[in-house]
Amino acid sequence: LPPRAGGKILGVLALFLVVVWYALYREDGYTQLFYFPAQENKTTCPLGELEKKVVQLIANYTREQPLFLQLKDYFWVKTPSLYELPYGTKGSEDVLLRLLSITHYSLPESIQRLKCRRCAVVGNGHRLRNSSMGETIDAYDIVIRYVPMSHPSPLPPLPPHPRVPSPRLNNAPVLSPTQKPTTGLLAITLALHLCDLVHIAGFGYPDLANKKQTIHYYEQITLKSMAASEHNVSHEAMAIKRMLELGLLKNLTYF
1 LPPRAGGKIL GVLALFLVVV WYALYREDGY TQLFYFPAQE NKTTCPLGEL
51 EKKVVQLIAN YTREQPLFLQ LKDYFWVKTP SLYELPYGTK GSEDVLLRLL
101 SITHYSLPES IQRLKCRRCA VVGNGHRLRN SSMGETIDAY DIVIRYVPMS
151 HPSPLPPLPP HPRVPSPRLN NAPVLSPTQK PTTGLLAITL ALHLCDLVHI
201 AGFGYPDLAN KKQTIHYYEQ ITLKSMAASE HNVSHEAMAI KRMLELGLLK
251 NLTYF
């Protein structure tokens, strides 16, 4: 072949290899190396779309129930709760009565006025470390985040709006009261009942073969040490991945 023709063929071949290489890495939607944060058109709002998708996963899903506990849930209650937190309030009545006397029940007016509630649920996974997600997360209308007060957060502090989520939101049958969902999964459940669009960040667990990688960014707990806990992190990971597949959630980090 003439040198010029050979050069063109090599150029096309190189471009083809780059495209294939890129496609292979992008095939896994949760790959860290080639992750692009989900981008939404701010001029449109998927009103009603989330509810249609959630019922595919939660058969008795409804938004008619109150999001947060109220004092009237305890006064004049004839039938006490059968389950402990987070499925019920058994054993926590006195503490909750004192807590509910100083907290609010309704949504802030600034949230009630929103035509579309775009929410970010921020977990405490190790993937949040050095992610530089603060500015992206701040752009959402509502940020749901749980941060232990004894540990520093890689994200800037948020103004507190204390509420007590209702156990009714965990409306799946209680098959094993000894196994409890993590705070992160509870936060996602709350968002699915509150928001029109839900994005998550800082969720996900290390590979099962990785015994040394920590689960949280702030402590040295590994999957091995979680084996005896009351949380079934393997099942939770499967549940969150299923939510991602159904389009209930979109991921701002990798899972």
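Position 13, counted from 1, in the sequence shown is what full-length UniProt numbering calls 13; the numbers after and before it change by one each time, with no gaps. Each residue gets a CB set at the ideal place from its N, CA and C atoms; glycine is no exception.
| Item | Value |
| --- | --- |
| Measuring alpha carbon to alpha carbon, tell me which of 220, 195, 202, 253 ends up nearest residue 114. | 195 |
| Label residue 123 either buried or exposed according to how many other C-beta atoms from any shown protein chain fall within 10 Å of its C-beta, with 16 as the threshold for buried. | buried |
| Who does residue 180 pair with in a DSSP beta bridge? | Note: residue 180 sits in no beta bridge, so no partner. |
| Taking 7 angstroms as the cut-off, decide whether the C-beta atoms of residue 253 and residue 127 are in contact. | yes |
| Sorted by chain position, which residues of the same chain lie with C-beta nearer than 8 angstroms to residue 56's C-beta, five sequence neighbours on each side aside? | 246 |
| Hey, could you find the ends of the alpha helix (DSSP H) residue 257 is sitting in? | Beyond the ends of the chain as shown, which are 1 and 255, falls residue 257; an answer cannot be given. |
| Is it true that the CB of residue 88 sits closer than 7 angstroms to the CB of residue 82? | yes |
| Return the first residue and the last residue of the beta strand (DSSP E) that residue 137 is part of. | Taken as a continuous stretch (DSSP letters only), residue 137 belongs to no beta strand (DSSP E), being part of the alpha helix (DSSP H) at 134 to 138. |
| Which word fits residue 191, buried or exposed, when buried means at least 16 other C-beta atoms lie within 10 angstroms of its C-beta? | buried |
| For residue 142, which of 107, 69, 73 has the nearest alpha-carbon? | 107 |
| Assign residue 181 to one of two classes, buried (16 or more other C-beta atoms within 10 Å of its C-beta) or exposed (fewer than that). | buried |
| For residue 185 versus residue 54, is the C-beta distance shorter than 7 angstroms? | no |
| Going by Cα to Cα distance, which pick from 179, 46, 222, 243 is closest to residue 200? | 243 |
| Pull up the distance between the alpha-carbon of residue 111 and that of residue 140, whole angstroms please. | 12 angstroms |
| Buried or exposed for residue 238, going by 16 or more other Cβ atoms inside 10 Å? | exposed |
| For residue 98, which three-state DSSP category applies? | helix |
| Mind checking which residues open and close the alpha helix (DSSP H) that includes residue 111? | 109 to 112 |
| At the level of alpha carbons, what is the spacing between residue 197 and residue 251? | 12 angstroms |
| With distances taken between CB atoms, is the gap from residue 48 to residue 125 smaller than 7 angstroms? | no |
| For residue 200, name the three-state secondary structure that DSSP assigns. | strand |
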